Amino acid sequence: MSATFEVKPAPAPAASRAGETTARKPPRTSRRTQAGRSLRRHWQLYLLIVVPLAYFVIFKYIPIANAVIAFKDYSPVKGPWGSDWVGFKNFELFFQNPVFWTLVKNTFLLSVYTVLASFPIPIILAIALNEIRNGRFKKTVQLVTYAPYFISTVVVVSMTILVLSPRLGFVNDAIGLFGVPSVDFLGNPNYFRHIYVWSDVWQTTGYSAVIYLAALSGIDPALHESARIDGASRLQRIRHVDLPGIMPTAVIILVLGVGNIMSIGFEKAFLLQNPLNTQQSEIIATYVYKTGLLNADFSMATAIGLFNSVINLFLLLGVNFVAKRITGNGLWS
Amino acid sequence: MSITLQGFRRTADKRPDTSKRTAIEETRTDKIFLAGVKIMLWLALIIVAVPLIYIVANSFSSPSAVSAGRVLFWPIEPSIRAYKEAFSDPLIMKGYLNSFIYAIGGTLISVTLTIAIAYPLSRRTFFGRNVIMSVLIFTMLFSGGLIPTYLVVQDLGMLNTRWAMVIPSAIGVWQVIIARTFFRSTIPDELYEAATIDGASDLRFLWSIVLPLSKPVIAVIALMYAIFQWNSYFDALIYLKDPGLYPLQIVLRNVLILNTLTGSTTTTNLAQQLEQQQLANVLKYALIVISSLPVLIIYPFVARHFTKGVMVGAVKG
Numbered sequence: 001m002s003a004t005f006e007v008k009p010a011p012a013p014a015a016s017r018a019g020e021t022t023a024r025k026p027p028r029t030s031r032r033t034q035a036g037r038s039l040r041r042h043w044q045l046y047l048l049i050v051v052p053l054a055y056f057v058i059f060k061y062i063p064i065a066n067a068v069i070a071f072k073d074y075s076p077v078k079g080p081w082g083s084d085w086v087g088f089k090n091f092e093l094f095f096q097n098p099v100f101w102t103l104v105k106n107t108f109l110l111s112v113y114t115v116l117a118s119f120p121i122p123i124i125l126a127i128a129l130n131e132i133r134n135g136r137f138k139k140t141v142q143l144v145t146y147a148p149y150f151i152s153t154v155v156v157v158s159m160t161i162l163v164l165s166p167r168l169g170f171v172n173d174a175i176g177l178f179g180v181p182s183v184d185f186l187g188n189p190n191y192f193r194h195i196y197v198w199s200d201v202w203q204t205t206g207y208s209a210v211i212y213l214a215a216l217s218g219i220d221p222a223l224h225e226s227a228r229i230d231g232a233s234r235l236q237r238i239r240h241v242d243l244p245g246i247m248p249t250a251v252i253i254l255v256l257g258v259g260n261i262m263s264i265g266f267e268k269a270f271l272l273q274n275p276l277n278t279q280q281s282e283i284i285a286t287y288v289y290k291t292g293l294l295n296a297d298f299s300m301a302t303a304i305g306l307f308n309s310v311i312n313l314f315l316l317l318g319v320n321f322v323a324k325r326i327t328g329n330g331l332w333s
Numbered sequence: 001m002s003i004t005l006q007g008f009r010r011t012a013d014k015r016p017d018t019s020k021r022t023a024i025e026e027t028r029t030d031k032i033f034l035a036g037v038k039i040m041l042w043l044a045l046i047i048v049a050v051p052l053i054y055i056v057a058n059s060f061s062s063p064s065a066v067s068a069g070r071v072l073f074w075p076i077e078p079s080i081r082a083y084k085e086a087f088s089d090p091l092i093m094k095g096y097l098n099s100f101i102y103a104i105g106g107t108l109i110s111v112t113l114t115i116a117i118a119y120p121l122s123r124r125t126f127f128g129r130n131v132i133m134s135v136l137i138f139t140m141l142f143s144g145g146l147i148p149t150y151l152v153v154q155d156l157g158m159l160n161t162r163w164a165m166v167i168p169s170a171i172g173v174w175q176v177i178i179a180r181t182f183f184r185s186t187i188p189d190e191l192y193e194a195a196t197i198d199g200a201s202d203l204r205f206l207w208s209i210v211l212p213l214s215k216p217v218i219a220v221i222a223l224m225y226a227i228f229q230w231n232s233y234f235d236a237l238i239y240l241k242d243p244g245l246y247p248l249q250i251v252l253r254n255v256l257i258l259n260t261l262t263g264s265t266t267t268t269n270l271a272q273q274l275e276q277q278q279l280a281n282v283l284k285y286a287l288i289v290i291s292s293l294p295v296l297i298i299y300p301f302v303a304r305h306f307t308k309g310v311m312v313g314a315v316k317g
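Which chain is which? The protein sequence lines are A and B, in order.
Under full-length UniProt numbering, the first residue of the first sequence is numbered 1, with each subsequent residue one higher.
Under full-length UniProt numbering, the first residue of the second sequence is numbered 1, with each subsequent residue one higher.
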């Protein structure tokens, strides 16, 4: 709390009571007095924040408290707090369930594949865009590649299904030209991950590239100029000027990507899922939905969700720690 | 990441065009390299555009041509049958209307609440702002999960009401960070001091000075919320049971992915059945176009502001 013109650091009687009795230092305002003064002077700001804060308590923190039903046998009549404790029974049941390893494997492979595929491609696109002069072509490429980001998941999945359809889609027409018989991509579990990841790349590359483009435009032009005078080729300038320049951005995006590996979204996997490909498309999030809302096993679904959240939190903190050690860049400085 | 903040004030990419200014000639390898770069960009353009063109071309073709798989990138036997059919379907139109209600109502609520928390958090004299910020950021890292949140919505009696669509996802922490960063970097303390000397209260200052100065950032977060709300289907999937409340995305999912035909009359006539089947096929393409249109129409105008908003949010703080 730095003092502004109105909060004058006047010696307050509360300061000595609070125990700050180092004789040499000038008496400082205690945090309690500061808080009181700020509250009196800016009560309107505190009033303003009441409703939004209540939102976070009700919709974010009460659910965290409600997650206690993971350790209980939830009964709707008794409520989350009145239900009977069962300890780790739900977790044990889940770990022993034969579906457990399949879920963990599917979730893990799907996200690792997504991160690996969608990390380098936007960087390449951004650098390529950065190489050409500002003009209509550059603007068109940017506008068109950015557009799919604004399309809803439902529509992207529908488009994917239509385009890959064995009877009508043009992908099968195209491979038919090479004499390949038509393939039912969505009916074969082995294609699920490729479909998921590459439709994701199609949708998000333009958007992610924009972030790197901003980082590239922040690089001092003098660096490029002096590299040119020293005779560096375009490729060498990309290697020695552009790439180091976007490193901090890339690290943050990678940390977020790896940290969220187990929290891969429910929406798309659920929409792309069909009875033929569940073997690879059933991930933790879709399983939680089915257990919780379709089978109404609230305690079990909460336990699985909690297991996932905890792993996620540790993954994110761990990756952030490692990234900070190696590159000096992390989410929090 | 602090460099990216400058992007907010920069209207255009002002990077000097080095290839024109300097006298150094492009070497041959550089020219070849540049040609390769252009080919790559053309490829990217084609890969993204082709599926979009394919969908639009199909949506304007005749049902029989679509069902025979004859349409590629230009409409065959042009017709707007599918669009007529879509606009006369009561479920689809109801979904469209509902989506508009959720998008507009949700955005109003979200923007109001976001500003109400972002502005105090941007003020240096607000005691405890760092603690509150941590409380907010923690919710990005850890959540109670699907069922515990569902229980809260259930206890509040919001299940199967319109409120379930706009309240549980009202405030995005990301948007709070964007707004707070903007307030902090564009509203100087001196302005506040001058206003207080003139006798303005905190609320008056926010209303008469901060909000008019913050139109760009308010537009950005409003658009983010509106597009998010328009595209979302998960909340509707778990909280809504009554088809009369369904937003467009749920209707789309039913028609496009689950293949449930809407408004079709069952008939025993084989020729009619075939025709209906064909119409259902082309209807899918038309629905994709119709549902994405509102977003894609405004997108070119907002793309740049959107980008800037993302950049501001990326600033650590």
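Glycine is no exception: its CB is placed at the ideal position from the N, C-alpha and C atoms.
Keep in mind the model is a prediction, meaning the values are calculated, not measured.
Can you give the beta carbon distance from residue 322 of chain B to B/Tyr119, rounded, assuming they're within the 8 Å contact cut?
Beyond the ends of chain B as shown, which are 1 and 317, falls residue 322 of chain B; an answer cannot be given.
Determine the burial state of A/Thr107: buried for a count of at least 16 other Cβ atoms within 10 Å of its Cβ, exposed for fewer.
Buried, because 16 or more other Cβ atoms sit within 10 Å of the Cβ of A/Thr107.
Beta-carbon separation of A/Leu216 and A/Ile252 under 8 Å?
No, they are not a contact pair.
From which residue to which residue does the alpha helix (DSSP H) around B/Gly128 run?
Element bounds for B/Gly128: n/a, residue is neither H nor E.
Starting from B/Pro216, trace the alpha helix (DSSP H) in both directions and tell me its first and last residue.
Segment 215 to 231, the alpha helix (DSSP H) holding B/Pro216.
Applying a beta-carbon distance threshold of less than 8 Å, which residues of chain E neighbour A/Gly292?
Of the protein chains in this structure, namely A and B, none is chain E.
Counting only Cβ pairs nearer than 7 Å, list the residues of chain B close to A/His42.
Under the 7 Å cutoff, chain B gives Thr125, Phe126, Asp202.
Just verifying my parser: in three-state terms, what is the DSSP assignment at A/Glu84?
The amino acid at residue 84 of chain A is misidentified as Glu; the sequence shows Asp. Here A/Asp84 sits in strand by DSSP.
Are the segment 77 to 90 of chain A and the segment 231 to 246 of chain B in contact at 8 Å, needing three or more beta carbon pairs?
Output reads no: the segment 231 to 246 of chain B does not touch the segment 77 to 90 of chain A.
Please compile the residues from chain A whose C-beta is within a distance smaller than 8 Å of the C-beta of B/Leu191.
Under the 8 Å cutoff, chain A gives no residues; its nearest Cβ is about 13 Å from B/Leu191.
Could you tell me the alpha carbon to alpha carbon distance between A/Ser2 and A/Thr33, rounded to whole angstroms?
In this predicted model, A/Ser2 has a pLDDT of only 37, less than 50, meaning its place in the structure is not dependable enough to derive any value.
For A/Met159 and B/Arg204, what's the separation of their Cα atoms in angstroms?
Distance between the alpha carbons of A/Met159 and B/Arg204 is about 50 Å.
Tell me which residue opens and which closes the alpha helix (DSSP H) that A/Gln34 is part of.
Its alpha helix (DSSP H) spans residues 31 to 41.
At 7 Å on the CB atoms, spell out the chain A contacts of B/Gln249, in chain order.
The answer, in chain order, is Ser152, Val154.
My guess is that B/Gly145 and A/Pro63 are in contact by the Cβ rule of under 8 Å, so how many angstroms apart are they, rounded?
B/Gly145 to A/Pro63, Cβ: 7 Å. Contact.
State the Cα-Cα distance for the pair A/Val319 and A/Val112, rounded to the nearest angstrom.
Between A/Val319 and A/Val112, the C-alpha separation is close to 14 Å.
If we ignore side chains and look at the alpha-carbon of each, how far apart do A/Val241 and A/Val201 end up?
If you take the alpha carbons of A/Val241 and A/Val201, they lie about 26 Å apart.
Use the C-beta contact count for A/His194: other C-beta atoms within 10 angstroms, 16 or more gives buried, fewer gives exposed.
When all chains shown are included, A/His194 counts as exposed.
Determine the extent of the alpha helix (DSSP H) in which A/Thr249 is found, giving its start and end residues.
Note, A/Thr249: alpha helix (DSSP H), 243 to 259.
Could you have a look at A/Lys78 and say whether DSSP puts it in helix, strand or coil?
Coil at A/Lys78, not helix or strand.
Please classify B/Lys241: does DSSP put it in a helix, a strand, or coil?
If DSSP states are grouped into helix, strand and coil, B/Lys241 belongs with coil.
With distances taken Cα to Cα, identify the nearest neighbour of A/Ala250 among A/Gly305, A/Arg234, A/Tyr212, A/Leu272.
For A/Ala250, the nearest C-alpha among the options comes from A/Tyr212.
Assuming A/Ile283 contacts A/Leu48 (C-beta within less than 8 Å), just tell me the rounded distance between them.
Actually they are not in contact, since the Cβ atoms of A/Ile283 and A/Leu48 sit about 41 Å apart, beyond 8 Å.
Given this structure, state the Cα-to-Cα distance separating A/Ala232 from A/Ser226, to the nearest angstrom.
Cα to Cα, A/Ala232 sits roughly 9 Å from A/Ser226.
Restricting to Cα atoms, I'd like to know which of B/Ile221, B/Ile290, B/Tyr299 is closest to B/Glu85.
For B/Glu85, the nearest C-alpha among the options comes from B/Ile290.
Distance cutoff 8 Å, beta carbons only. Does A/Ser2 sit that close to anything in chain B?
For A/Ser2, the predicted model reports a pLDDT of 37, less than 50, meaning its position is unreliable; a value from the coordinates is still stated below. Yes, contact with chain B.
State yes or no: is the beta carbon of B/Phe234 nearer than 8 Å to at least one beta carbon in chain A?
So yes, B/Phe234 belongs to the interface.
How is the alpha helix (DSSP H) around A/His240 delimited, first residue to last?
Looking at the DSSP string, A/His240 is not in any alpha helix (DSSP H), and its letter there is neither H nor E.
Around the Cβ of A/Pro148, are there at least 16 other Cβ atoms within 10 angstroms (buried) or fewer (exposed)?
Burial call: buried.
Please check if any C-beta of chain A sits within less than 8 Å of the C-beta of B/Met1.
Residue placement at B/Met1 is poorly supported in this model, since its pLDDT is 37, which falls under 50; the coordinates still yield a value, given next. So, interface residue.
Determine, using beta carbons only, whether B/Leu283 and A/Ala128 come nearer to each other than 8 Å.
Not closer than 8 Å, so no.
Is it the case that the Cβ atoms of A/Phe192 and A/Gln96 are separated by a distance below 8 Å?
Not closer than 8 Å, so no.
Per DSSP, what kind of secondary structure is A/Asp73 in: helix, strand or coil?
Of the three classes helix, strand and coil, the one that applies to A/Asp73 here is strand, per DSSP.
On the CB-based measure, 16 or more other CB atoms within 10 Å of its CB, does B/Leu293 come out buried or exposed?
Exposed.
How big is the Cα-Cα spacing for B/Thr196 and B/Ile187?
Roughly 14 Å between the two C-alpha positions.
Starting from B/Asp30, find everything on chain A with Cβ-Cβ shorter than 7 Å and list it in chain order.
Neighbours of B/Asp30 on chain A, chain order: Ser233, Arg234.
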